[in-house]
Structure formats: C-alpha cells, structure tokens
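Participant: Shown below is the structure under consideration.
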Amino acid sequence: MSNPSSPDRRLLQQHAADNVAIAVQAGGLASGTVLAGGLVLRDTVPQAHKVALQDIAAGAPVLRYGVAIGHALRDVAAGSWVHERLLQPLPARSLEGLPMATALPPAAPPLHGHTFQGYRNADGSVGTRNLLAISTTVQCVAGVLDVAVQRIRAELLPRFPNVDGVLGLEHAYGCGVAISAPGAEIPIRTLRHLAMNPNFGGEVMLLGLGCEKLQPELLLPPGSLPLHTAQTLSTLRLQDPQHVGFGAMVDHLVQSAVPHLERLNARRRETVPASALVVGVQCGGSDAFSGLTANPAVGHCTDLLLRAGATVLFSETTEVRDAIAQLTARAATPAVAQRLVDEMAWYDDYLARGGADRSANTTPGNKAGGLSHIVEKAMGSVVKSGSAAITGVLSPGERVPPGAPGLYYCATPASDFICGTLQLAAGMNLHVFTTGRGTPYGLAACPVVKVATRSELAERWHDLMDIDAGPIADGRATVQELGELMFRSLLAVASGQRTWAEHWGLHNALVLFNPAPVT
Numbered sequence: 001m002s003n004p005s006s007p008d009r010r011l012l013q014q015h016a017a018d019n020v021a022i023a024v025q026a027g028g029l030a031s032g033t034v035l036a037g038g039l040v041l042r043d044t045v046p047q048a049h050k051v052a053l054q055d056i057a058a059g060a061p062v063l064r065y066g067v068a069i070g071h072a073l074r075d076v077a078a079g080s081w082v083h084e085r086l087l088q089p090l091p092a093r094s095l096e097g098l099p100m101a102t103a104l105p106p107a108a109p110p111l112h113g114h115t116f117q118g119y120r121n122a123d124g125s126v127g128t129r130n131l132l133a134i135s136t137t138v139q140c141v142a143g144v145l146d147v148a149v150q151r152i153r154a155e156l157l158p159r160f161p162n163v164d165g166v167l168g169l170e171h172a173y174g175c176g177v178a179i180s181a182p183g184a185e186i187p188i189r190t191l192r193h194l195a196m197n198p199n200f201g202g203e204v205m206l207l208g209l210g211c212e213k214l215q216p217e218l219l220l221p222p223g224s225l226p227l228h229t230a231q232t233l234s235t236l237r238l239q240d241p242q243h244v245g246f247g248a249m250v251d252h253l254v255q256s257a258v259p260h261l262e263r264l265n266a267r268r269r270e271t272v273p274a275s276a277l278v279v280g281v282q283c284g285g286s287d288a289f290s291g292l293t294a295n296p297a298v299g300h301c302t303d304l305l306l307r308a309g310a311t312v313l314f315s316e317t318t319e320v321r322d323a324i325a326q327l328t329a330r331a332a333t334p335a336v337a338q339r340l341v342d343e344m345a346w347y348d349d350y351l352a353r354g355g356a357d358r359s360a361n362t363t364p365g366n367k368a369g370g371l372s373h374i375v376e377k378a379m380g381s382v383v384k385s386g387s388a389a390i391t392g393v394l395s396p397g398e399r400v401p402p403g404a405p406g407l408y409y410c411a412t413p414a415s416d417f418i419c420g421t422l423q424l425a426a427g428m429n430l431h432v433f434t435t436g437r438g439t440p441y442g443l444a445a446c447p448v449v450k451v452a453t454r455s456e457l458a459e460r461w462h463d464l465m466d467i468d469a470g471p472i473a474d475g476r477a478t479v480q481e482l483g484e485l486m487f488r489s490l491l492a493v494a495s496g497q498r499t500w501a502e503h504w505g506l507h508n509a510l511v512l513f514n515p516a517p518v519t
C-alpha cells in the first residue's frame, strides 16, 4: 500500500481513484471550510470520517482504497459528509469463481543479519519470554490454581531470577460440553497447542479436577508432546485422595512447580536469527485511521519480517472476508487458495447457523471512528498482511508446522481475545496490536506491542501505546519509515525490552473458540 496523498493535508485520499477522502485534522473539519482545489465542506465532518471529493449519484459506488466500499443511497454532493446512513454495503463476494493463485507476488530480496536475544527450545522453536505456564483441563480448578500461582510468585520466583513469570492457562471449557461433537476439536487442540507455546520453554504442568469430560489423557494424548516435554510433564488432579483439604492441593501445586522452575531458570538468552520470530498481527477498537496509518505500517513490517525469514500470522475472518479475492489471488499455490476458501465457507455457515453474517462485526466505536460498515473495515484490516505470497492456512487451534516459516492465514473470529488465544496456540511468540479508538489489551503469555493509529490517542494514552503511527497522517513519516521503526522495535521487545502492557501487568483473559454445543 502506497503512502496516502492529497493536495490538502487536512484530507487524505488513499488511492487516486477514490471519490472520498478522510478528514485527518484533530477535532474534524467545520462546515464551510475551504480545502485545496476550492472544495467547500457542506457539513461538519468529524475526524476520521469521509468527505465526498466529487458529486456521487444515487446508486454509484463509493470508492476508498481504490475499491467500492458500498453504493450511495441518494445523491451526495461534493463536500458532503459520507457516513453509514448514506451507504448501502456490498453483499459478500461469492466464494465461487475466485482467482486462485493467479497474482503471486515476486519474491522480495532476503534480509540478512537481523537477530534478537531469545530462548532456544528443544523442539527448535524460540521464546521471547521465559515463563512457567500451568495448563488446566476445566474451569473448576481455576480458583485453586489462582491461589497457587500467587504463592509461586511470592515464595518461589525470587529464587529463580531468570524466570520471567508464572501464569495459569485457565478457561471456561472442559465439562458441561458436548466433548465429541463436531467443532469440539477446536477448543481441545487450542488448549493442547497453548501448552506448547515457545514462550513456555517446553515445560508443561497440567492441573485437572478428576471427573471432567476433558480428561488429561484426552487433552494431551501419548505422542502429542515433544519427547523432552513428555518426559518432564507433571499432571495433578485435585480429587486424588492425597489432597486432604484445600491446603494440600495448593501445597502440591507449589511443590510440583519447583523442578520446572529450576529447568527454566537454567536457560539464558542467546543470539538467534530473526527467522525465529512468529509474529501475530491483529487490530481492535479500529477506526478509519487503522487502514490509513497503523495497519499499512504493520503491513510493511510484515514484509520485512518475511524477508528476514520469520513467520507472520494474520487473522480475523469476518474482517478479511470481503477481501477474499485479493487473498486467493496472492496464495502461493491453488491448494493454499482453496484452504482460504474453505475457511471462509466454514465461517459463513457458522454465522448463518446463528442468524448472523459478517456485518455483525462492526461496533458502535468503529462507526464513531469513521468506519461505515464491514466492507470498509475489511479493506483496512487486510493490509496488515503486507504484500507477500500467502504460504499457508491454519484452521482454528492448529499450530504452524515446524520448519515452515512464511505468511499464514490463521483462521480466527475477529474477537480480540479469541484471536489472540488462537494465535498463541499457533505458536506466536510476539504480538502486534493496532487500535484507533483505544484498548489496553495485553497477554500474559506473550509481549504485545500496541500501535496507535492517531497521535491524539498516543499522546492521551502515552503510557499504554508503544508506537504512534499518527505521523503518517500528517506527513511527518511515511508508511515505510513507520514499518521499519516497528521492525526494529519488535526485535528489541523480542530481546527482552518490556512493552507498556508488561510494565503495568495488563493481561486479558484467554478465551477459547468453541463452536460445539454446551450441554
């Protein structure tokens, strides 16, 4: 995506074919404002909202990003505010007759010599953090686990200074569910692969209750773990007879953590190539600036990461559904293109069963931030994937295959928390999260680099946002410059530099995607 351009920096037109532009100025633009070229505003236009650059007839396409984001419901005069009530969204693109691997991008020259300081794991993966994670089979054990984690932090972690922290992987699954119904495999494999995240160093502790449907042997069956991890796995069940009272349960958990902490504490950061990064990209609390500043910068950073041999995961099915033709055309092979189609079709059916479609995605905050509907949001979301070929597709809960770096579509709902959870299960060791309206999102299992789409947000939330992409909007920086800054920042964070979320200990809950019935 090229840098946005306009004869007047108060408005930004993203593509020469666009008949609307975005009001960039803080506080918006007042009715009567005269812009470059003599365009006079007929309405007061809030910041991040669209202005008609020319007369648009009723039924004519409204163009942003060089593509139609909808049709005008009535005649719209040049200088008018183009908002959601004036737009008819386009129907979803059919999944038939798509271009399948027809526009494979040329391979970009590799980037050599970029490294970070990470923790090597026995399975070949690399952690950006050195954490003890305690997995669970069922929500019933969460209260006991929380008390044990607090004790481990207070009593044990001071003895193990090279361990970055301890966390419980608690969730709302495991019992009261149709454990073998179609769709149940998604939360089960998500939990299995979460336990194997590179930031956990191959150390797995598993806490169960005893009577739940998701028994430890179902969650982690023989052969599901690497040999080193399987040999050191510790499994506890609270209903076992040796647990006489609450205190015994907690004591056993705390004692069982010691050998895992000892092995983690023996590890040291070492120089590893940037190709060891598995970066998940996501947006939340989006506004019209998301597709103007932060997401294009992430897209450029994505291209740099891929040139350095890293793996990048992009997601959010409802937010890329309207760009499916772009994605299938960029697929590395027809088989990858077909996997993209299959994931979109599965999700279309899933939403239809619930009486919804992709248009249910947009929030009041998205609309207040200038995103009229899902088509416009999708066009700004998909640019996080950059311009390289899509080399693989992961169904929800699946993990990146070992030794197969590249650009992956990691199929997830657009929910911030479910998307982050599924990207962690896929093997993510570093996360990039863009926001325009603002969200203090964080993950305990992985550092999250938050990118503000607007300088106003970055200044107001100065101790929550890690990178300000606003300079792209006012001409102080280009998309490429911000993308390069982001690339360098990611290497620093991967090497141990703390994000604001880590500084404050801001961590959202993990949320499983469970499309199967709850009994």
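Residues 1 to 519 in the UniProt record's numbering are what the sequence shown lists, from first letter to last. Cβ atoms here follow ideal geometry from the backbone N, Cα and C, with glycine treated the same way. Just so we're clear, the structure is a prediction, and the values are computed from it rather than from any experiment.
To which residues of the same chain is glycine 202 closer than 7 Å at the C-beta, ignoring the five residues directly before and after it?
Facilitator: Asn121, Ala122, Asp123, Pro226, His228, Thr229.
Participant: Using a threshold of 8 Å, state whether the C-beta atoms of valine 141 and leucine 209 are closer than that.
Facilitator: yes
Participant: Looking only at its own chain, which residues have a Cβ that is under 6 Å from the Cβ of leucine 131, when we skip the five neighbours before and after it?
Facilitator: So the list reads Asp164, Gly165, Asn199, Phe200, once near-sequence residues are dropped.
Participant: Does the region 239 to 253 come within contact of the region 277 to 288, defined as at least 3 CB pairs closer than 8 Å?
Facilitator: The way I'd put it, the region 239 to 253 doesn't touch the region 277 to 288; fewer than three beta-carbon pairs between them come closer than 8 Å.
Participant: Leaving out five residues before and five after aspartate 463 in sequence, what residues of the same chain have Cβ atoms less than 7 Å from its Cβ?
Facilitator: The beta carbon of aspartate 463 sits closer than 7 Å to the beta carbons of Trp500 from its chain, once the five residues preceding and following it are set aside; these are given in chain order.
Participant: Using three-state DSSP, classify threonine 115 as helix, strand or coil.
Facilitator: Note: threonine 115 maps to strand in three-state DSSP.
Participant: Could you give the distance in angstroms between the alpha-carbon of histidine 15 and the alpha-carbon of asparagine 162?
Facilitator: 50 Å
Participant: With distances taken Cα to Cα, identify the nearest neighbour of aspartate 348 among Gln242, Arg93, Ala26, Ala77.
Facilitator: Arg93
Participant: May I ask which residues mark the beginning and end of the alpha helix (DSSP H) holding serine 489?
Facilitator: It spans 479 to 494 - the alpha helix (DSSP H) in which serine 489 sits, taken as one unbroken run.
Participant: Taking 8 Å as the threshold (C-beta atoms), are leucine 98 and alanine 325 in contact?
Facilitator: yes
Participant: Among Leu53, Asp287, Phe160, which has the Cα closest to the Cα of threonine 453?
Facilitator: Asp287
Participant: Between asparagine 19 and valine 62, is the Cβ-Cβ spacing less than 8 Å?
Facilitator: yes
Participant: Using C-beta distances below 6 Å, list every residue in its chain close to glycine 183, excluding the 5 sequence neighbours before and after it, in chain order.
Facilitator: Pro515, Ala516
Participant: Residues in its own chain within less than 8 Å of serine 256 by CB, not counting five upstream and five downstream?
Facilitator: Met205, Ser234, Leu236
Participant: Since alanine 323 and methionine 379 should fall inside the 8 Å C-beta cutoff, what is the C-beta to C-beta distance between them, to a whole number of angstroms?
Facilitator: At roughly 6 Å, the Cβ-Cβ gap stays under 8 Å, so alanine 323 and methionine 379 are in contact.
Participant: Using the DSSP secondary-structure output, state which residues sit across from arginine 267 in a beta bridge.
Facilitator: Note: arginine 267 sits in no beta bridge, so no partner.
Participant: Going along the chain, which residues of its own chain have a beta-carbon closer than 6 Å to the beta-carbon of glycine 79, five neighbours each way excluded?
Facilitator: Leu39, Val40, Leu41, Arg42
Participant: If you scan the region 291 to 325 from start to end, which runs of the beta strand (DSSP E) of 3 or more residues do you find wholly inside it?
Facilitator: 311 to 314
Participant: If you drop the 5 nearest sequence neighbours on each side, which residues of the same chain put their C-beta closer than 7 Å to that of valine 147?
Facilitator: Cβ within range, chain order: Val250.
Participant: Taking Cβ positions, are valine 177 and threonine 519 nearer each other than 8 Å?
Facilitator: In this structure, valine 177 lies near threonine 519, with their beta-carbon atoms less than 8 Å apart.
Participant: At 3 residues or longer, what runs of the beta strand (DSSP E) sit wholly inside the region 410 to 492?
Facilitator: 430 to 435, 448 to 452
Participant: Taking the continuous alpha helix (DSSP H) assigned at lysine 50, which residues delimit it?
Facilitator: No alpha helix (DSSP H) holds lysine 50; the beta strand (DSSP E) holding it covers 50 to 52.
Participant: Measuring CA to CA, which of Arg498, Thr478, Ile467 is closest to methionine 486?
Facilitator: Ile467
Participant: Excluding five sequence neighbours on each side, which residues of the same chain lie with their C-beta closer than 8 Å to the C-beta of leucine 304?
Facilitator: If we look at leucine 304 and ignore the five residues flanking it on each side, its Cβ neighbours are Leu111, Gly483, Glu484, Phe487.
Participant: What's the C-alpha gap between lysine 377 and glycine 291?
Facilitator: 8 Å
Participant: For valine 449, collect the residues of the same chain with a Cβ closer than 8 Å to its Cβ; drop the 5 residues on either side in sequence, then sort them by chain order.
Facilitator: Leu430, His431, Val432, Phe433, Asp466, Ile467, Met486, Ser489, Leu490, Val493, Thr499
Participant: Compute the Euclidean distance between the alpha carbons of leucine 371 and alanine 154, then round it to the nearest angstrom.
Facilitator: 46 Å
Participant: Less than 8 Å between the beta carbons of threonine 421 and glycine 284, yes or no?
Facilitator: no
Participant: Between the beta-carbon of threonine 190 and the beta-carbon of glycine 427, is there less than 8 Å?
Facilitator: no
Participant: Quick one: grab the DSSP three-state call for threonine 499.
Facilitator: Three-state DSSP puts threonine 499 in coil, outside helix and strand.
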